[in-house]
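Residue 24 in the UniProt record's numbering is what sits at position 24 of the sequence shown, and the numbering runs on without skipping anything.
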Amino acid sequence: MTTPVLFDVPGPKARRRIRIGTAVGVLVVVVIAALVLVRLAGNGQLEPQRWAVLFDPASQVPQALGQALLRTLQVAIVGMVLATVLGLLLAVGRLSEHRWVRVVVTTLIEFFRAVPLLVLIFALYFLLPKFGIRLSAFWALVGGLVLYNAAVLAEIFRAGILSVDRGQREAAYGLGMRKTQVMTLVLLPQAVRRMLPVLIAQLVVLLKDTSLGFIISFPELLRGARGLVEFFTLQFGNQYTFQLYVAAAVIYIAINLVLSWLARYVERRTRGNAKTAATTPTELPADVQMGGGGGVVPTVR
Numbered sequence: 001m002t003t004p005v006l007f008d009v010p011g012p013k014a015r016r017r018i019r020i021g022t023a024v025g026v027l028v029v030v031v032i033a034a035l036v037l038v039r040l041a042g043n044g045q046l047e048p049q050r051w052a053v054l055f056d057p058a059s060q061v062p063q064a065l066g067q068a069l070l071r072t073l074q075v076a077i078v079g080m081v082l083a084t085v086l087g088l089l090l091a092v093g094r095l096s097e098h099r100w101v102r103v104v105v106t107t108l109i110e111f112f113r114a115v116p117l118l119v120l121i122f123a124l125y126f127l128l129p130k131f132g133i134r135l136s137a138f139w140a141l142v143g144g145l146v147l148y149n150a151a152v153l154a155e156i157f158r159a160g161i162l163s164v165d166r167g168q169r170e171a172a173y174g175l176g177m178r179k180t181q182v183m184t185l186v187l188l189p190q191a192v193r194r195m196l197p198v199l200i201a202q203l204v205v206l207l208k209d210t211s212l213g214f215i216i217s218f219p220e221l222l223r224g225a226r227g228l229v230e231f232f233t234l235q236f237g238n239q240y241t242f243q244l245y246v247a248a249a250v251i252y253i254a255i256n257l258v259l260s261w262l263a264r265y266v267e268r269r270t271r272g273n274a275k276t277a278a279t280t281p282t283e284l285p286a287d288v289q290m291g292g293g294g295g296v297v298p299t300v301r
């Protein structure tokens with residue numbers, strides 16, 4: 001069977017044009033970067049003593065940025081765990097056979113996907129106290145991230161579950177498995193394997209969205225850098241503003257690069273595991289492997 005091709009393979013002239021375009025693009029980027037460095041050097045922003053403050057313990061900058069990073073990771077980790085759990089529950093609810101459950105869950109998912117994340121954070125932090133419910137800045141930020149990302153993750157989980165071949169579900173029901181067993185033992189393991197790269201990519205987005213805590217004065221990484229800028233501005237003027245913001249940006253970039261690398265690594269591993277699983281029988285619990293007459297029922301592939 002011939003694999004369909006969605007595009008024409010570039011010919012010699014097209015490949016030459018691609019190489020020329022790539023070279024021109026790289027040259028433009030290098031020229032822009034050089035101009036920026038020249039401008040920064042002219043303003044004295046590249047002087048070593050200005051950057052040394054980022055690594056001097058006496059300046060308290062490393063400690064302050066480290067604490068801000070820790071708070072950012074705390075929000076991100078708690079938000080990731082709760083959003084993943086809630087997203088999975090919403091996805092299962094949207095796939096329910098009961099119509100009223102599907103309607104309610106679908107309404108919730110579409111609502112929280114449509115509302116901007118910043119509005120959710122504002123509502124949790126400023127609106128709920130009017131009804132007697134007060135949340136700290138930490139939980140208001142976590143709550144907004146969880147509600148928004150759970151709705152997005154629910155659609156990712158739902159798409160992954162529906163992508164599993166229908167025959168898998170029918171074969172599992174044919175073996176006498178209950179709905180819960182079909183979902184947890186047959187559908188979810190295969191769906192999660194396919195969804196992992198997309199899930200990790202969404203969690204990268206969640207991590208970057210923690211910077212919105214700046215709006216409600218939560219001392220995350222961006223707010224911590226801003227606090228340092230304000231302190232040093234009072235002491236030394238704008239001498240270290242650029243360096244402090246660059247340090248915060250580099251930390252964000254480093255964390256996101258690690259998560260992106262993890263997504264690519266997981267994708268490679270899942271591809272290898274999928275090929276292995278294609279030639280290995282799926283293990284099922286003993287109570288569903290045994291047929292009604294005591295014989296062993298062939299496992300689902």
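Quick reminder that beta carbons are idealized off the backbone N, C-alpha and C, glycines included.
Tell me, please, whether the CB atom of L206 is closer than 8 Å to any CB atom in chain D? The displayed structure is made up of one protein chain only, and chain D is not part of it.
Residues near A91 by beta carbon distance below 6 Å, same chain, minus five either side: In the sequence shown, counting from the first residue as 1, residue 91 sits at position 91. Excluding sequence neighbours, A91 sits near A154, F157, R158.
3 or more residues per run - each beta strand (DSSP E) lying fully within the region 189-233: If we require 3 residues or more, the region 189-233 turns out to have no beta strand (DSSP E) run fully inside it.
Can you round the beta-carbon distance between V142 and V78 to whole angstroms, since I take them to be within the 8 Å contact cut? In the sequence shown, the residue the question calls residue 142 occupies position 142. In the sequence shown, the residue the question calls residue 78 occupies position 78. Right, their Cβ atoms sit about 5 Å apart.
Are the CB atoms of L212 and L118 within a distance shorter than 8 Å? Translated into positions along the sequence shown, residue 118 becomes position 118. Translated into positions along the sequence shown, residue 212 becomes position 212. Yes. Within cutoff.
Got a sec, what are the start and stop residues for the alpha helix (DSSP H) Y173 sits in? Locating residue 173 in the sequence shown gives position 173, counting from the first residue. Note, Y173: alpha helix (DSSP H), 166-174.
Terminal residues of the alpha helix (DSSP H) in which residue 304 lies: This structure cannot speak to residue 304, because the chain is shown only from 1 to 301.
Check whether the Cβ of G42 lies closer than 7 Å to any heavy atom of the ligand PLP, and answer yes or no. The model on display carries no ligand, and the ligand PLP is accordingly not part of it.
Can you find the residues in the same chain that come closer than 8 Å, C-beta to C-beta, to L206, ignoring five residues on each side of it along the sequence? As a working note, residue 206 is residue 206 in the sequence shown. Excluding its 5 nearest sequence neighbours in each direction, L206 has C-beta neighbours in its own chain below 8 Å: A76, G79, M80, A83, L145, N149, listed in chain order.
Look at the alpha carbon of V38 and the alpha carbon of A247, and state the distance between them as a whole number of angstroms. As a first step, residue 38 must be located in the sequence shown, where it is residue number 38. As a first step, residue 247 must be located in the sequence shown, where it is residue number 247. Rounded to the nearest whole angstrom, the C-alpha separation of V38 and A247 is 20 Å.
Counting along the chain, where does the alpha helix (DSSP H) carrying A68 start and finish? If you number the sequence shown from 1, residue 68 lands on position 68. Residues 61-94.
Option nearest V105 by Cα separation, candidates R16, R226, G66, L147: As a first step, residue 105 is located in the sequence shown; it is residue number 105 there, counting from the start. Of the listed residues, the one whose Cα sits closest to V105 is L147.
Less than 8 Å separating the beta-carbons of I200 and A254? The residue given as residue 200 occupies position 200 in the sequence shown. The residue given as residue 254 occupies position 254 in the sequence shown. With contacts defined by Cβ atoms closer than 8 Å, I200 and A254 do not form a contacting pair.
Same chain, Cβ closer than 6 Å to V198, neighbours up to 5 away in sequence not counted: The residue given as residue 198 occupies position 198 in the sequence shown. Around V198: I156.
Give me the Cβ distance between G167 and L65, rounded to the nearest whole Å; I'm assuming they're in contact under 8 Å. Counting from 1 along the sequence shown, the entry for residue 167 is found at position 167. Counting from 1 along the sequence shown, the entry for residue 65 is found at position 65. Not quite, the Cβ-Cβ distance comes to about 53 Å (not below 8 Å), so this is no contact.
Buried versus exposed call for E170 [16 or more other C-beta atoms within 10 Å across all chains shown]: The residue labelled residue 170 in the question sits at position 170 within the sequence shown. So E170 ends up on the exposed side.
Start and end residues, alpha helix (DSSP H) containing K130: Here residue 130 is taken as the residue at index 130 of the sequence shown, counted from 1. Careful: K130 lies outside any alpha helix (DSSP H) and carries neither H nor E.
Could you give the residue range of the alpha helix (DSSP H) that holds E47? On the sequence shown, residue 47 is found 47 positions in, with the first residue counted as 1. For E47, there is no enclosing alpha helix (DSSP H), as DSSP marks it with neither H nor E.
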